[in-house]
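To start, the structure itself, in structure tokens.
2 protein chains.
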Amino acid sequence: MTLPDDIPAINHRILELIDRHLRAPAGTHIPQSCADIYDAVVSQGQSSNEGGKRLRARLLLSIYDAITGSRSADRDAVMDVACAIEVFQTGALIHDDIIDNSDLRRGKPSAHLALTSALTRMATSEDHDIALPSAVEHITHIGAGLGIMLGDLLSTASIDIVNDITPHMEHADGILKAFLNMHREVEIGQVLDLAVEHVSLKDPQRLSQASLAVFRWKTASYTTVAPLTIGMLAAGADPHDEAAAIGSDLGTAFQLADDLLDIIGDPARIGKPTGGDIREGKRTVLLSDALSSSSPQDRNYLLNAYTAEQRDDDDVREVTRIFKDSGAIEASRKRISTLWSTVQDAINRTSQKLNFSDEAHHDVIECCSLFIPENLR
Amino acid sequence: MTLPDDIPAINHRILELIDRHLRAPAGTHIPQSCADIYDAVVSQGQSSNEGGKRLRARLLLSIYDAITGSRSADRDAVMDVACAIEVFQTGALIHDDIIDNSDLRRGKPSAHLALTSALTRMATSEDHDIALPSAVEHITHIGAGLGIMLGDLLSTASIDIVNDITPHMEHADGILKAFLNMHREVEIGQVLDLAVEHVSLKDPQRLSQASLAVFRWKTASYTTVAPLTIGMLAAGADPHDEAAAIGSDLGTAFQLADDLLDIIGDPARIGKPTGGDIREGKRTVLLSDALSSSSPQDRNYLLNAYTAEQRDDDDVREVTRIFKDSGAIEASRKRISTLWSTVQDAINRTSQKLNFSDEAHHDVIECCSLFIPENLR
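Chains A and B supply the protein sequences, listed in that same order.
By this note's numbering, the letter at position 377 of the first sequence is numbered 377, and the numbering carries on one by one without gaps.
By this note's numbering, the letter at position 106 of the second sequence is numbered 1106, and the numbering carries on one by one without gaps.
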């Protein structure tokens, strides 16, 4: 392991940046009676930003380091851009959790639920001058409203971070544009993801193609393509073709692995019980593959289970069995390992073209490998 | 009336810009099965952007024209920035309507409701391959999810529009920063607005002060201060102090007038029945003033009405009477006309400092006057 351990520096810098961009600037006035709620939103912005693996920031720094050779004078500035991607992700996940009604994120209550709890605590404490409606669903709606605004604040902050730092970078051309492009791609991807969830199950091959295409928008865009594109731009290299050649397949493999681990992962390692996606009725490539290649009886079971209002523990067990017996899990493993070979080839080509040292080449491969669990590569 | 009639050009350009920034770029692939839903989101983005009075864009152009003397070569570029403020506003209002559960916007169904209807139409048509959950609240939740994403897309588009055009402007320094600052101020303002709605009614003077402070964040920021700041920057002038001196008071007067018209306006002209704010239990400055200066009996009535779960037609009538009898309506009128004098003084100072021609000075006054109905100035 020769990768620089940037995680503590990234974590530290993200908190500084959130503080700078979310707190009301000096000279502006937040009325006292509203300050408690605003403080709760900023605090939630901090805690929602904690605890990620920082894969995206590290990928950006890794390709930048590989191209510039060693730590250049620009690296602190580039670090801010890397942090901005993480801040953007946090904001996007907050909106995502509201849309998906998700209760948990990184093992903690999702932001809108945490904000609902904070509001409820304030309303029942005598230290605060806050009166809430009595109906629980109204309080939950206010929490969701604060969550929408926190997501918006983090999205704005992420762009502002990039806009503040690019004038101090040697190679800044195109970076803000690439960053805004990433925002848009993820937003389009979220719409497509909502759409895929409501496409009928009649044509599983079409569903599988659609799901894979959506991965490019909603996951690869900001997970791998944008970090590689921006890291290359910051190092003065032309990302054209190169970033997409590595990033599209790596991001797709990352999402496929994520969906697969939900079925075959170790609950202790993934931080949640397996089968969550089945319980939620999520339209995965595993489902499409299973629908395409299972027995008529199993196929009927899947159709019934996934069009029902909800799925219980028995369904999770039976669907898991069908995913195995139909060969869907094996197909997903194969897809992931094929994609990983393609990614390695693409890295090799980029490495040659941009004259990476052996060590730099090795570091980029190692950083990319972090996106896919070892037993799936 | 010597103000240039920019409204048709603004409307036309906004639709072009939305199309460019929301459609998937050439060479990217949106899977067919998701395309219908994505198209519905883009169409809603277009129609949500229709029908505004374009006050913000016109204020930006008005101060820019006043400083540059006549129509300069840069004006088309500045027009894009003016349109970007309108696009930002539309996105912010879409999130606002989700947060406030508002059914109507500019006399049409709000975006999240229109998207819910579009989904329902697609699910019941044979031309689309879409299956929706049967429960209405689930469909509404999906519509709200698409609304959140449309708001995000428009927010990103607004920034991208500015980032694309500033390299083509003679004076671009600070414009993107001011634009991002506006985003953040409005987002902070929305949080504060949610907070004000849940401050207890025990201390009406404090509530009134808080409401007025929130107006600066949530309304004046993007309605007047940012258009003036950005218009001045685009014309190569220093907006420091000047933009805030005119904009803060003008934006506050605009919001006070908006709240007042909800009570005393002509339903035909404001496009909705009067008393909507009372029905919603909105914490206005009118309410704070009435709580401060009404008889104990009327005060009790207000406290009961505004802490109840809902308010009926009788409440609207009685609260309106109390607003009148307590002097709250008169106080609001006075506040507005005092603010309008201050605004005129501030315009006069800016006009002298920046050597406006008589005609330019007159045009800026006229443009600012559009923000406040004639009988309230």
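The beta carbon of each residue, even a glycine, is placed where N, CA and C say it ideally should be.
The beta carbons of D80/A and L17/A sit about 7 Å from each other, so the pair counts as a contact at 8 Å.
Separation of N1181/B and P273/A (C-alpha to C-alpha, rounded to the nearest whole angstrom) is 42 Å. The C-alpha of Q1255/B is placed about 31 Å away from the C-alpha of L1022/B. With respect to chain A, the C-beta atom of M1149/B has a partner C-beta closer than 7 Å. Only those residues of the region 167-185 of chain A whose C-beta falls short of 7 Å from the nearest C-beta of chain B are listed: L176, K177, L180, H183 and R184. Residues of the region 1016-1033 of chain B that bring their beta carbon within less than 9 Å of a beta carbon in chain A comprise H1021, L1022, A1024, P1025, T1028, H1029, I1030, P1031, Q1032 and S1033, in sequence order. Close to chain A, meaning a Cβ-Cβ distance shorter than 9 Å, are the following residues of the region 1193-1214 of chain B: D1193, L1194, A1195, V1196, E1197, H1198, V1199, S1200, L1201, K1202, D1203, R1206, L1207, Q1209, A1210, S1211, L1212, A1213 and V1214.
A Cβ-Cβ distance of about 43 Å is found for the pair A1026/B and A1360/B, leaving them out of contact under the 8 Å criterion. Proximity of chain B to H95/A at the Cβ level (cut-off 8 Å) is accounted for by I1148, M1149 and D1152, in chain order.
In the same chain as F1215/B, and ignoring 5 residues on each side of it, the C-beta atoms closer than 7 Å to its own belong to G1251, T1252 and Q1255, in chain order.
Separation of G45/A and L93/A (C-alpha to C-alpha, rounded to the nearest whole angstrom) is 12 Å.
For I1246/B, there are no neighbours in chain A by C-beta distance under 8 Å, as the nearest C-beta there is about 18 Å away.
Annotation: the continuous alpha helix (DSSP H) that includes G1189/B extends over I1175 to V1196. The bridge partners DSSP lists for K1108/B are R1105/B.
None of the residues of the region 102-123 of chain A has a beta carbon lying less than 7 Å from any beta carbon of chain B. I98/A carries a helical assignment under DSSP once its states are collapsed to helix, strand and coil. Excluding residues up to 5 positions away in sequence, D1097, S1102, D1103 and L1104 lie with their Cβ nearer than 7 Å to the Cβ of S1110/B in the same chain. Looking at S48/A, Q89/A and T120/A, the one whose alpha-carbon comes closest to that of I37/A is T120/A. The three-state secondary structure of I372/A, taken from DSSP, is coil. For the pair of segments examined, the region 319-331 of chain A was found not to touch the region 345-364 of chain A: the number of CB pairs separated by less than 8 Å stays below three.
Straight-line measurement puts the Cα of H1183/B at about 10 Å from the Cα of K1218/B. With contacts defined as CB atoms closer than 7 Å, L287/A and R299/A fail to qualify as a contacting pair. Contacts with chain A at 7 Å (Cβ-Cβ) do not include V1225/B. The continuous alpha helix (DSSP H) containing N1300/B extends over residues P1296 to T1307. Excluding residues up to 5 positions away in sequence, A1024 and Y1038 lie with their Cβ nearer than 8 Å to the Cβ of I1030/B in the same chain. Between I1365/B and I1347/B, the gap from beta carbon to beta carbon is short of 7 Å. For M1232/B, the CB contacts under 8 Å within the same chain, skipping 5 residues up- and downstream, are I1063, Y1064, I1067, D1238, P1239, E1242 and A1243 in chain order. A contact between stretches requires three or more CB pairs, one per stretch, nearer than 8 Å, and the region 1192-1201 of chain B meets this requirement with the region 129-138 of chain A. Neighbours of T1140/B in chain A, taken as residues whose beta carbon is under 9 Å from its own, are absent, since the nearest beta carbon is some 12 Å off. A straight line joining the alpha-carbon of T140/A with that of A1195/B spans about 14 Å. Interface annotation, G1145/B: in contact with chain A, CB-CB separation under 7 Å. In its chain, beyond the 5 residues on either side, G91 have a beta carbon closer than 6 Å to the beta carbon of S155/A.
In the DSSP annotation of this structure, W1217/B is not part of any alpha helix (DSSP H), being labelled neither H nor E.
The Cβ of V285/A sits no closer than 7 Å to any Cβ of chain B. Rounded to whole angstroms, N1049/B and F371/A show a C-alpha spacing of 40 Å. For A1243/B, there are no C-beta contacts with chain A under 9 Å, since the nearest C-beta of that chain is about 14 Å from it.
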